[in-house]
């Protein structure tokens, strides 16, 4: 199942190209395993240079909750959803872009996806969308291109041994072909045969199509009706079965299932029968592991497979060998977290779980990801802070499965609420604010009982709401949190509620009251020796206090930087550098401010933390303006503007940005003149994240190229 290999599909590629020249929505349809995804990916790669603003491929197979469709697409496009409803940000971002958006594996979200695509196309006149699904979306203007199985040799006459033996001789003759016979050369022209031979050669080195195996190969690919996944599963069996025996077993299996002759099974049944046949050829332990691994939407590593899937018939010590066996049989392939399974195989495996096993597995799965999110909290001062964030980002599809399982089973709801709340800082860093609020708020609905879990979730949800500028939602959550924390005896949560109330006051424009609350919370965190809570308090006090009292803000920033460096917490260090950089700017120390901000910009650019990066670019623009580098200031303002827009935010919404942003913009426009300012600003807005960071940190080798690029 190596997706890097692509065989055939010339007609389909040509037809899809032509279709995209006359329609804005093309849907590739076909049964599972027929190769829709591979075709879409190859088409996207071939067309990449045809679209001025590029091609974006978004995988939806692992998205099991339709309500997260819009934020998931927005996040994939780099729009780190500060808005609760990201459709407006999506439309604004895509409205003037000429690009191809590929939505892969939409069948489980067909109604929602159809409505989403229809609205998006209506509002973005230059956008085109390519969809893969088992059936059409049913949207006006949609053109459907069915993806057929790979071509197979025609069934002119049944093969006989004498015909196979005569094939080489016939190829050697220059005369006309005898009707009813298929030669090696003719068979090899068919994509199904080429695919089987290539996959067989991976399993049996040196395997090639010849007169001796021609009859078996042709019979086999015809039996499998040219369905790529079925062919790959069959070819993998050559590791343990001779070709003749493989063809015979498939004949026997299909003849039992078919009622109207050997080729009477519909194609979706052909694939299912092949998967079923492959499943039955596995050992009992391999079958159990196959079924249990179907729980993982985003793939799985060895340690997790041993932890979650062992027991009840599978020894943990045997998991590695069982995984290797499933890889050999093409049930699993390597990639991502370690091992992953195609959706058709995952769906079949899920069906094999008994109700009792499903319930047992669900508990193990949810428990594992609850523990994972707790041990990988990114709101703690730890040396592996960045590694924790990256691990959670990679595991997100599986975490979503765990969270959805908690919503579906009331007994697991508290675990789900704890999982979503523990990830609050991850949701912020990843820009997945809408998704974080979705999971926390669904959990709050299911866990009305007062207690620590609910109080924690209330302040976490209010923090995400504040980042989205949603004061109306945040304030009631904070009031409930503070009252509940005091009532339930969880006094250690009070500083978190007070801190968040301080952020809320600053967000509302009452900086004096907000800073008073932040100082109150600082004292509470110190009294509890809560270094993790203190870390965030210092950041907010330094950033929001940078205008009100820049000297005190600088002290907070210095303390945060020292704390982060002593704990080797790289993410916290970047935020400390930003907050201290803003304070230093307000103190007039441009050189130190620039050094701090360029370091923070480079790091946050590398980990794709758009929120901190955007603010760094903004302040670096002010520094350039203060040095009368007005063209550079305009370009950095443009680069920051593109990111502010993508986040659905603006510098005017943050009290420590608003006045300086307006002043820098006014000065640059006056110094350059409106046409030159607009040109530089637009150039900066088009740089993109990577080149904007490179420009901002002043790497000399690329300054000239960037300055004159379009």
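Residue numbers (the UniProt record's numbering): 1 to 710.
Glycine included, each C-beta is placed from N, C-alpha and C at the ideal position.
Item, Value
"Give the single residue among 390, 425, 447 and 379 whose Cα lies nearest to the Cα of residue 409.", "447"
"If you check the beta carbons only, do residue 57 and residue 102 fall under 8 Å apart?", "yes"
"Whole angstroms are fine: how far does the CA of residue 597 sit from the CA of residue 578?", "5 Å"
"Determine the direct distance from the alpha carbon of residue 143 to that of residue 25, and round the result to whole angstroms.", "6 Å"
"Should residue 317 be labelled buried (16 or more other beta-carbon atoms within 10 Å of its own) or exposed?", "exposed"
"Residues bridged to residue 333 by DSSP?", "340"
"Do the region 211-226 and the region 121-140 touch if we need at least three Cβ pairs shorter than 8 Å?", "no"
"Measure the CB-CB distance between residue 419 and residue 452 and report whether it falls below 8 Å.", "no"
"Using a Cβ-Cβ cut-off of 7 Å (strictly less than) and excluding sequence neighbours within five positions of residue 404, which residues of its own chain qualify?", "64 and 65"
"When DSSP labels each residue in this structure, what does residue 492 get in the three-state scheme?", "helix"
"Could you tell me the alpha carbon to alpha carbon distance between residue 349 and residue 27, rounded to whole angstroms?", "27 Å"
"Using a threshold of 8 Å, state whether the C-beta atoms of residue 466 and residue 500 are closer than that.", "yes"
"Report the option in 455, 505, 129 and 459 whose CA atom is closest to the CA atom of residue 487.", "455"
"Quick check on residue 133: does DSSP put it in helix, strand or coil?", "strand"
"Can you tell me whether residue 205 is buried or exposed? The criterion is at least 16 other CB atoms within 10 Å of its CB, across all chains shown.", "exposed"
"Compare the Cα-Cα distances from residue 104 to each of 40, 126 and 50 and report the closest residue.", "40"
"Taking the CB atoms as reference points, tell me whether residue 582 and residue 656 lie closer together than 8 Å.", "yes"
"At which residues does the beta strand (DSSP E) containing residue 104 begin and terminate?", "100-104"
"Measure the C-alpha to C-alpha separation of residue 514 and residue 659 and round it to an integer number of angstroms.", "18 Å"
"Express the C-alpha separation of residue 126 and residue 254 in angstroms, rounding to a whole number.", "48 Å"
"Would you call the region 389-406 and the region 39-55 in contact, with 3 or more CB pairs under 8 Å?", "no"
"What would DSSP say about residue 64, mapped onto helix, strand or coil?", "coil"
"Closest to residue 301 by C-alpha separation, out of 333, 431 and 286, would be which residue?", "333"
"Just tell me which of 532, 526 and 557 has its CA closest to the CA of residue 541.", "557"
"For residue 344, count neighbouring C-beta atoms within 10 Å of its own C-beta (all shown protein chains included) and say buried if the count is 16 or more, exposed if not.", "buried"
"For residue 696, does the count of other Cβ atoms within 10 angstroms reach 16, so buried, or fall short, so exposed?", "buried"
"CB-CB under 6 Å to residue 353, same chain, minus the five flanking residues each way: which ones, in chain order?", "291"
"What does a CB cutoff of less than 6 Å around residue 553 pick up in its chain, not counting 5 residues either side in sequence?", "542, 545, 546 and 583"
"Could you tell me which uninterrupted alpha helix (DSSP H) segments, each at least 4 residues in length, are contained entirely in the region 560-595, listed from first to last along the chain?", "570-586"
"Cα separation between residue 346 and residue 106?", "16 Å"
"Can you look up residue 304 in the DSSP assignment and give me helix, strand or coil?", "helix"
"For residue 190, tell me which candidate among 221, 522 and 200 has the shortest Cα-Cα distance.", "221"
"How is residue 55 classed by DSSP in three states: helix, strand or coil?", "strand"
"With DSSP as the reference, label residue 125 as helix, strand or coil.", "coil"
"Using 10 angstroms around the beta-carbon of residue 387, count the other beta-carbons present and answer buried if the total reaches 16, otherwise exposed.", "exposed"
"To the nearest angstrom, how far is the alpha carbon of residue 46 from that of residue 692?", "28 Å"
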